[in-house]
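One structure below.
There are 2 protein chains.
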Amino acid sequence: MDTELKGVINDIQQMYRDDVEKSKIVFKTSSRLGGRFRSDVTIRNHALTIDEPESIGGSDLGPSPAEVILAALGSCQEITYRAYATALGISLDSVSVELEGDIDFRGFFAVDETIRPGFEAIRARVKIESSAPAAELEKLREVVNSHCPVLDILSNPVPVSLDFVVGDED
Amino acid sequence: MDTELKGVINDIQQMYRDDVEKSKIVFKTSSRLGGRFRSDVTIRNHALTIDEPESIGGSDLGPSPAEVILAALGSCQEITYRAYATALGISLDSVSVELEGDIDFRGFFAVDETIRPGFEAIRARVKIESSAPAAELEKLREVVNSHCPVLDILSNPVPVSLDFVVGDED
Numbered sequence: 004m005d006t007e008l009k010g011v012i013n014d015i016q017q018m019y020r021d022d023v024e025k026s027k028i029v030f031k032t033s034s035r036l037g038g039r040f041r042s043d044v045t046i047r048n049h050a051l052t053i054d055e056p057e058s059i060g061g062s063d064l065g066p067s068p069a070e071v072i073l074a075a076l077g078s079c080q081e082i083t084y085r086a087y088a089t090a091l092g093i094s095l096d097s098v099s100v101e102l103e104g105d106i107d108f109r110g111f112f113a114v115d116e117t118i119r120p121g122f123e124a125i126r127a128r129v130k131i132e133s134s135a136p137a138a139e140l141e142k143l144r145e146v147v148n149s150h151c152p153v154l155d156i157l158s159n160p161v162p163v164s165l166d167f168v169v170g171d172e173d
Numbered sequence: 004m005d006t007e008l009k010g011v012i013n014d015i016q017q018m019y020r021d022d023v024e025k026s027k028i029v030f031k032t033s034s035r036l037g038g039r040f041r042s043d044v045t046i047r048n049h050a051l052t053i054d055e056p057e058s059i060g061g062s063d064l065g066p067s068p069a070e071v072i073l074a075a076l077g078s079c080q081e082i083t084y085r086a087y088a089t090a091l092g093i094s095l096d097s098v099s100v101e102l103e104g105d106i107d108f109r110g111f112f113a114v115d116e117t118i119r120p121g122f123e124a125i126r127a128r129v130k131i132e133s134s135a136p137a138a139e140l141e142k143l144r145e146v147v148n149s150h151c152p153v154l155d156i157l158s159n160p161v162p163v164s165l166d167f168v169v170g171d172e173d
């Protein structure tokens, strides 16, 4: 058991109970289109290249936005399993996720305006290795799925406001 | 104007009108937790490392899942601007996006079960450079926001099914 991580989680929970303002986090990214469909993204000290496959006119220098969404869900499930297994003292040897997401491109390409441009469905296969009893693992699964941020973001609407600026002004 | 890309888009639209089955795309990713919170993701020929900052027990070897969601939205907006500007013959010199997303970590850390674990709000600042008339750019903005896959994915619920497998079986 990772007692150091368990301590980190306990300390964070106590910090948020003591001072609500510390729990309110603002995440930030910035990106710019370079080339045709290549987007160069900056996330704190990390760089990420997102692109489209050659089949739709991109250069395939990185995963596409839709693929990046699936990647975020898989990793968020895995991280949430690790965090809650540690917090609850449940053995967890490994966790991996395989994902599939369905998009009907008639939506994005405006061939049929009744079809949504985003995912119509996502299927995940979450595989864990653990010696814990089945009842504990079922409890773990339930608590993970009710606290996984990206699962919530995909399953429920997020209010998005878009400011649109033309020209050189900042 | 990128007449080659305009031709690619026209050909794709015609292909989907001719054969509906070709428009139905299945995106796939797979990932596995390594280390504490580090997730190693495989997306076709691309690799992506997702991690958590050291402040919550990670090693900060990559962006966090929530940051990756913002990255996907920014790049998807940019790609959709490029695609529709090209398809509609509207001049577009550059497009960049700055994003902020609010998460109250009392949700993820189960300090307050009434708080959602995901984004409570996302704010985007989309900046374009273009010599096109304002009316054309307003039309472009509207068509982009009604066809951007990731904006749809975040704004509207996506059905997610999660299979849970314990042990070594495939």
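Those sequence lines, one after another, are chains A and E.
According to my numbering, the first sequence is numbered sequentially starting from 4.
According to my numbering, the second sequence is numbered sequentially starting from 4.
C-beta atoms are modelled at their ideal positions from N, C-alpha and C, and glycine is treated no differently.
Treat the numbers as computed from the prediction; the structure is a model and nothing was measured.
Taking 8 Å as the threshold, the shortest C-beta distance from K31 of chain A to chain E falls below it. Residues of chain E with a Cβ closer than 9 Å to the Cβ of E139 of chain A do not exist, since the nearest Cβ in that chain sits about 11 Å away.
C-alpha of F108 of chain A to C-alpha of H49 of chain E: approximately 22 Å in a straight line.
In the three-state scheme derived from DSSP, where H, G and I count as helix and E and B as strand, T117 of chain A is classed as coil. Not one beta carbon of chain E lies nearer than 8 Å to the beta carbon of G92 of chain A. Pairwise C-beta distances place the stretch 97 to 108 of chain E in contact with the stretch 75 to 83 of chain E, as three or more of them are shorter than 8 Å.
The beta-carbon of K142 of chain E is placed no less than 8 Å from the nearest beta-carbon of chain A. A75 of chain A has a beta carbon lying within less than 8 Å of a beta carbon in chain E. Against chain E, a Cβ distance below 8 Å from S97 of chain A picks out R35 and L36. Taking the beta carbon of A113 of chain A as reference, the chain E residues within 7 Å of it are H150, listed in sequence order. For A127 of chain A, the residues of chain E that pass the 8 Å Cβ criterion are V163, S164, L165 and D166, in the order they occur in the chain. E55 of chain A sits in coil when the DSSP states are folded into three classes, being neither helix nor strand. For K27 of chain E, the enclosing beta strand (DSSP E) covers residues K27 to G37. In summary, the residues of the stretch 59 to 73 of chain E whose CB is separated from some CB of chain A by less than 7 Å are I59, G60, G65, P66, P68, A69, E70, V71, I72 and L73, in the order they occur in the chain. Shortest Cα-Cα distance from V163 of chain A to any of E:A135, E:A137, E:S149 and E:A127 involves E:A127. Under the criterion of beta carbons closer than 8 Å, T32 of chain A and L36 of chain E do not qualify as touching, at roughly 23 Å. Interface criterion met: the Cβ of P120 of chain E is under 8 Å from a Cβ in chain A. DSSP, read as helix, strand or coil, puts I72 of chain E in helix.
Here I156 of chain A carries a helix assignment [DSSP, helix/strand/coil]. Apart from sequence neighbours up to five positions away, the residues of its chain that approach P66 of chain E with a beta-carbon distance below 8 Å are I53, D54 and A74, ordered along the chain.
Just measuring C-alpha positions, the residue of A:I156, A:T45 and A:S62 sitting nearest G110 of chain E is A:I156. Distances from the CA of R47 of chain E to each of A:L64, A:S158, A:K9 and A:Q16 were compared; the closest alpha carbon is that of A:L64. E24 of chain E does not reach chain A, its nearest Cβ partner there being about 10 Å away, counting only Cβ pairs nearer than 9 Å.
In this structure, P160 of chain A keeps its C-beta atom at 8 Å or more from the C-beta atom of N148 of chain E.
In chain A, no part has a C-beta under 8 Å from the C-beta of A88 of chain E; the shortest such distance is about 10 Å. F40 of chain A is not a Cβ neighbour of I28 of chain E, given a cutoff of 8 Å.
Beta-bridge partners of S62 of chain E (DSSP): none assigned.
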